[in-house]
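What follows is one structure encoded as structure tokens, with my remarks underneath.
In my numbering, the protein residues as written are 257 to 928.
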């Protein structure tokens with residue numbers, strides 16, 4: 257380990273009494289220390305230390321297995337073996353003591369490298385702002401940042417321990433709230449040079465109790481920022497505008513025209529948000545590929561942060577233009593010909609309104625419909641029903657949306673579940689009062705909702721999925737249209753390893769299907785099973801058979817729906833493919849660089865993603881059906897001259913646009 261940690265050193269750093277249980281190991285070098293049993297250095301010799309933050313994600317049996325293997329567990333809860341005897345471990349007094357130990361390690365690493373640090377927090381928009389800032393700074397620096405939602409003390413320090421080194425030039429860190437003191441703990445650990453606050457809203461009231469407590473925690477960044485540092489704030493937010501700061505703050509605003517950075521001429525052109533950033537007498541045109549005018553303030557915050565750090569305007573604009581939304585956050589995607597707006601992480605009333613405002617303005621043909629699938633805001637305590645119900649009453653204002661579907665806990669769910677997931681039924685009840693002449697419905701079952709979207713939507717429809725991460729909504733798209741968002745979302749789904757004598761895979765409960773990792777190959781024939789461990793097969797896993805020189809033909813079975821990213825890339829012996837009707841979705845580069853592939857038959861495929869068959873230079877014939885609803889622009893990049901055979905008008909137009917020969921007559925070759 258780069259930092260030469262020992263148990264003695266960890267406890268000295270945290271100013272805690274040395275543990276007596278492992279006197280003989282106090283000075284033994286630690287190979288790896290983590291809060292996850294998914295070790296980075298699998299199989300490496302040496303001492304491993306596991307800091308047990310939660311017992312929900314890691315089972316007691318897993319802890320016991322690690323202890324048997326020699327792992328030293330540090331936690332505030334005593335672990336007992338199967339005979340109810342306490343096991344040997346380092347037992348701390350309480351959670352706060354363990355948090356102190358862990359954050360002290362983070363502070364030690366931060367001070368060891370002493371990198372310039374930018375810390376971002378807020379109620380909504382902080383992930384977007386962090387990503388925008390990262391995009392800008394990556395134009396000039398190597399940036400350390402914890403991706404996704406790894407934004408609390410546990411995850412931030414874990415990633416710092418794993419990856420921090422002397423090659424990084426700057427640390428850009430999102431900080432999440434949710435628990436009183438969570439922002440302040442990270443702020444005190446990092447002591448940033450610049451802090452950024454997007455907004456402060458009455459979220460997580462179940463734990464914070466009072467709005468004032470949320471304000472105190474979020475603005476604690478100001479308290480711990482270096483003396484010569486500064487803040488960047490959204491002055492359109494009243495709580496931020498009224499707060500008294502100890503540091504100089506740079507203000508950004510849309511409605512406050514006296515802000516240091518002002519957004520003007522804001523307009524949405526397709527998926528591109530464009531505006532003029534006005535500051536110091538300048539007006540800089542900026543464009544970012546992101547949906548929704550509400551993101552203008554996020555762009556301003558990122559622009560101002562970079563400018564105050566000293567980055568030139570052209571570099572800022574270049575970095576912003578390269579931004580792309582996260583897979584399940586503010587992402588516009590075309591799947592099976594439908595236009596999906598997927599925004600399934602933060603689910604506050606404010607963010608729901610922002611998404612609906614974007615839908616209002618997004619133009620589709622008169623023959624198509626706009627459908628909003630909504631959950632409810634969660635973690636509101638005793639305001640759970642009232643906030644959601646009152647939001648439902650406002651839905652009549654979105655007159656261009658043809659149908660509202662609500663997705664949440666069952667009608668008879670406990671108050672605890674409704675508070676955790678969000679009371680979407682309360683939104684539905686409010687909507688019933690005002691949406692008398694529009695279609696509305698309520699679902700608590702993903703499969704039923706998926707069936708509705710599959711049966712009741714058509715190519716060209718705009719469909720919003722706006723749900724909370726605690727009851728994932730994006731798997732509905734996978735179930736309905738065969739996509740692979742669940743496997744690629746960055747949010748770890750509920751999984752189980754499954755296997756039989758000839759196949760292995762991972763079973764995903766959200767889509768109720770297996771992601772195949774290995775299967776039988778017999779005399780060149782790969783057979784994808786219909787089930788593994790009695791679970792239905794859903795997808796071929798990412799890179800599962802990449803560059804496999806043994807495969808010459810594939811039997812895809814009759815259960816498979818999705819062929820994953822690069823799953824058969826470079827399988828050079830494959831000459832022709834017959835993909836059955838059950839396969840709906842072919843992901844990016846799934847069959848790229850198969851140099852001998854000449855003939856492809858796709859009987860049911862609806863969606864062919866980017867570079868799915870790129871660099872298949874021997875390709876001669878591709879056969880598609882009317883079911884094909886989307887082909888990416890570069891799906892057949894560098895494939896030379898081949899013929900597309902299909903009676904689909906969509907395929908014909910696509911072929912003409914890309915100057916590819918097309919026949920809509922009967923198929924000219926017999927199938928094998």
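We treat Cβ as the ideally placed atom computed from N, Cα and C, and that holds for glycine.
Fair warning: this is a prediction, and the values are worked out from it, not measured in the lab.
Could you tell me the distance, in whole angstroms, from the CA atom of residue i to the CA atom of residue j?
{"i": "residue 873", "j": "residue 702", "result": "41 Å"}
{"i": "residue 801", "j": "residue 833", "result": "15 Å"}
{"i": "residue 449", "j": "residue 485", "result": "5 Å"}
{"i": "residue 908", "j": "residue 750", "result": "41 Å"}
{"i": "residue 422", "j": "residue 369", "result": "7 Å"}
{"i": "residue 309", "j": "residue 408", "result": "12 Å"}
{"i": "residue 914", "j": "residue 876", "result": "16 Å"}
{"i": "residue 611", "j": "residue 602", "result": "11 Å"}
{"i": "residue 291", "j": "residue 456", "result": "30 Å"}
{"i": "residue 466", "j": "residue 453", "result": "19 Å"}
{"i": "residue 553", "j": "residue 490", "result": "7 Å"}
{"i": "residue 474", "j": "residue 481", "result": "13 Å"}
{"i": "residue 896", "j": "residue 835", "result": "22 Å"}
{"i": "residue 463", "j": "residue 583", "result": "29 Å"}
{"i": "residue 926", "j": "residue 898", "result": "Here the model assigns residue 926 a pLDDT of 44, short of 50, so the residue's position is not dependable, and the following value carries that caveat. Rounded to the nearest angstrom, the two C-alpha atoms are 17 Å apart."}
{"i": "residue 402", "j": "residue 439", "result": "15 Å"}
{"i": "residue 412", "j": "residue 763", "result": "29 Å"}
{"i": "residue 269", "j": "residue 870", "result": "53 Å"}
{"i": "residue 516", "j": "residue 599", "result": "30 Å"}
{"i": "residue 922", "j": "residue 890", "result": "Its pLDDT being 49, under 50, residue 922 is placed unreliably in this model, and the coordinates cannot settle the point."}
{"i": "residue 257", "j": "residue 820", "result": "Caution is warranted here: a pLDDT of 49 is assigned to residue 257, below 50, making its placement in the model unreliable, and the coordinate value is therefore given only provisionally. Residue 257 and residue 820: Cα-Cα distance of roughly 35 Å."}
{"i": "residue 506", "j": "residue 380", "result": "19 Å"}
{"i": "residue 548", "j": "residue 580", "result": "14 Å"}
{"i": "residue 882", "j": "residue 710", "result": "16 Å"}
{"i": "residue 910", "j": "residue 887", "result": "8 Å"}
{"i": "residue 920", "j": "residue 696", "result": "40 Å"}
For my contact list, residue i and residue j are in at a C-beta cut-off of 8 Å; report their separation, rounded to the angstrom.
{"i": "residue 392", "j": "residue 571", "result": "7 Å"}
{"i": "residue 384", "j": "residue 551", "result": "6 Å"}
{"i": "residue 556", "j": "residue 533", "result": "6 Å"}
Is it buried or exposed, residue i, if we count other Cβ atoms within 10 angstroms and call 16 or more buried?
{"i": "residue 671", "result": "exposed"}
{"i": "residue 387", "result": "buried"}
{"i": "residue 524", "result": "buried"}
{"i": "residue 511", "result": "exposed"}
{"i": "residue 354", "result": "buried"}
{"i": "residue 714", "result": "exposed"}
{"i": "residue 373", "result": "buried"}
{"i": "residue 459", "result": "buried"}
{"i": "residue 924", "result": "Reliability fails at residue 924, whose pLDDT of 43 lies under 50, so the model's placement of it is uncertain and the value that follows must be treated cautiously. So residue 924 counts as exposed."}
{"i": "residue 929", "result": "Since the first residue shown for the chain is 257 and the last is 928, residue 929 is missing from the structure and cannot be characterised."}
{"i": "residue 645", "result": "buried"}
{"i": "residue 330", "result": "buried"}
{"i": "residue 359", "result": "buried"}
{"i": "residue 528", "result": "exposed"}
{"i": "residue 863", "result": "buried"}
{"i": "residue 742", "result": "buried"}
{"i": "residue 493", "result": "buried"}
{"i": "residue 853", "result": "buried"}
{"i": "residue 432", "result": "buried"}
Are residue i and residue j closer than 8 Å when you measure CB to CB?
{"i": "residue 775", "j": "residue 758", "result": "yes"}
{"i": "residue 786", "j": "residue 815", "result": "yes"}
{"i": "residue 663", "j": "residue 631", "result": "yes"}
{"i": "residue 829", "j": "residue 780", "result": "yes"}
{"i": "residue 634", "j": "residue 488", "result": "no"}
{"i": "residue 767", "j": "residue 788", "result": "no"}
{"i": "residue 718", "j": "residue 654", "result": "no"}
{"i": "residue 398", "j": "residue 424", "result": "yes"}
{"i": "residue 562", "j": "residue 389", "result": "yes"}
{"i": "residue 328", "j": "residue 417", "result": "no"}
{"i": "residue 858", "j": "residue 879", "result": "yes"}
{"i": "residue 637", "j": "residue 686", "result": "no"}
{"i": "residue 628", "j": "residue 720", "result": "yes"}
{"i": "residue 591", "j": "residue 784", "result": "no"}
State the start and end residues of the unbroken alpha helix (DSSP H) segment that holds residue i.
{"i": "residue 676", "result": "671–677"}
{"i": "residue 441", "result": "438–446"}
{"i": "residue 389", "result": "382–393"}
{"i": "residue 908", "result": "905–913"}
{"i": "residue 743", "result": "741–744"}
{"i": "residue 572", "result": "569–577"}
Tell me which residue opens and which closes the beta strand (DSSP E) that residue i is part of.
{"i": "residue 535", "result": "528–535"}
{"i": "residue 663", "result": "659–663"}
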